[in-house]
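In the numbering used here, each residue's number is its place in the sequence shown (first place is 1) plus 742. Yeah, the Cβ is synthetic: ideal placement off N, Cα and C, and Gly gets one too. All values reported here derive from a predicted model rather than from experimental measurement. Below: one structure, written as structure tokens.
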Amino acid sequence: MPAIASLDERAREAASAVDAGEVVALARRLVRIPSVVRPGDPRAHEGEVAQFLAEELQRRGFQVACQEVAPGRPNVVADWDTGNPGFGLLVEGHTDVVTEGDRSAWSYDPFGAEVVAGRLYGRGACDMKGGLAAAVVAVDTVRRAVRGLRGRVRITALVDEEGMMEGVKAFVRAGLADGFHGALVCEPEENEVCLVQKGALRIRAVFRGRQAHGAMPYAGCNPLPAAARFVLSLAELQAAEQRRCGAHPLLGLPWITPTTLRAPAYGDAQFNVMAGEAHVTVDLRTVPGQDHGRLVQALQDLADRAAEATEGLEAHTDLVEDRPWTQTPRDAPVVRAVERAVRAVTGREPRYGGVPGCTDGTFLWAWAGLPVVVLGPGRREVPHQVDEYVDVDELVEAARIYAAAVVYALGE
């Protein structure tokens, strides 16, 4: 039996063995299956693309299971075990995409998956069916072509990342991340090595007064002035947090953004009706070092102060979602594997970046305790836009980095 090549040689061979045409063809097939989730439409979900992926992964020889998160919305979980104990690597992507919006605004069919001038166009091409296709082909290439590895790889294609991230929450709660040692999240980050992600807090401030006729406001209690004072006070809190934290070198400044103001909170608005209740939603984006609990209390304090000037007005805040910032140490084995893979595939030192939003990796880090690296093809600004695209060269490069990273992770 011939001797097994060195780890660097096997990583380079695995990267070279990735078939560029296969990566692009799979990405196109995924983009052509619409998986927009539209609330209230029971037919609009990830079911069809999940079924396709499950069958594709089974055909390739993976052990595949589906975890039903909601009707028609299954997580796809595909395993490859080398048979030898070693490193456990999660490779993660999501199957849902955001709405295509007005189709007439697109230059290309949003689900046509056209390749034009080196770019693959379509909803989800960048975020993140391209990265998902790259991951599937990369892991399958290593599974077939590389000997002498130890450990296991679990490819996960999860639902609802663009919503409340119920897919990854269900995945972690079910123990499906247990026993793994690191996660590679294939979100579009220009193939930069991202070890930090911003956190997110979603808070609703509720101001409850008493509805009245617009001609007789004294007969009720108007919540709108307090809601307005609350909105204005957020700018002061944001400025204070930005002065305190400064700009993170990879994530920039923290932000506190009022996103909606609704009064009345329910039903139709009328000119001659003074609302009895007003809601303000706030989107906070945090950086490492910020205390989410302290921020939640700070917003409650601002709501209380805003309501003080209006007799009879009640105010409270509801925490709708808490997604912590994440920070993976540079010495984590999964980081070293990805860094080595970038060098082997590109011939250059890794470029480092930060994730401006949240990914499923947020909960793999916070709930499952996994070191997380986010790296994937596609420009950060392209997701959710009209004429979404991914550069084909960057897509193929990502697949080759993934393949080399698997070799390095399971070869140590």
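Shown here, C928 sits in coil according to DSSP, grouped into three states, outside any helix or strand.
Approximately 16 angstroms separates the beta-carbon atoms of V833 and V914; this is outside 8 angstroms, ruling out the contact. In the DSSP annotation of this structure, the continuous segment of the alpha helix (DSSP H) that includes V1134 starts and ends at V1134 to G1153. The distance from the Cβ of V1076 to that of G924 is about 3 angstroms, consistent with a contact at the 8 angstroms cut-off.
Per DSSP, the unbroken alpha helix (DSSP H) holding Q980 starts and ends at L966 to C987. Around the beta carbon of F804, 16 or more other beta carbons lie within 10 angstroms, which makes this residue buried. Annotated as distal: Q1069 and V927, with beta-carbon spacing of 8 angstroms or more.
For W1067, the secondary structure class from DSSP, reduced to helix, strand or coil, is coil.
The three-state secondary structure of E1050, taken from DSSP, is helix. In this model, V881 and E931 are separated by some 20 angstroms (Cα to Cα). About 25 angstroms separates the CB atoms of A756 and V857; that is not less than 8 angstroms, and the two are not in contact. At a Cβ-Cβ threshold of 8 angstroms, V1022 and V973 count as neighbours. Per the Cβ contact rule, the segment 861 to 876 is in contact with the segment 1127 to 1147 (3 or more Cβ pairs under 8 angstroms). Comparing alpha-carbon positions, the option among H990, A762, L918 and L1117 lying closest to L1106 turns out to be L918. Taking each of L1044, P1000 and A954 in turn and checking the Cα distance to A1017, the smallest one comes out for A954. Residue nearest to A747 within the set H787, Q809 and G890 is G890 (criterion: CA-CA distance). In this structure, G921 keeps its C-beta atom at 8 angstroms or more from the C-beta atom of G828.
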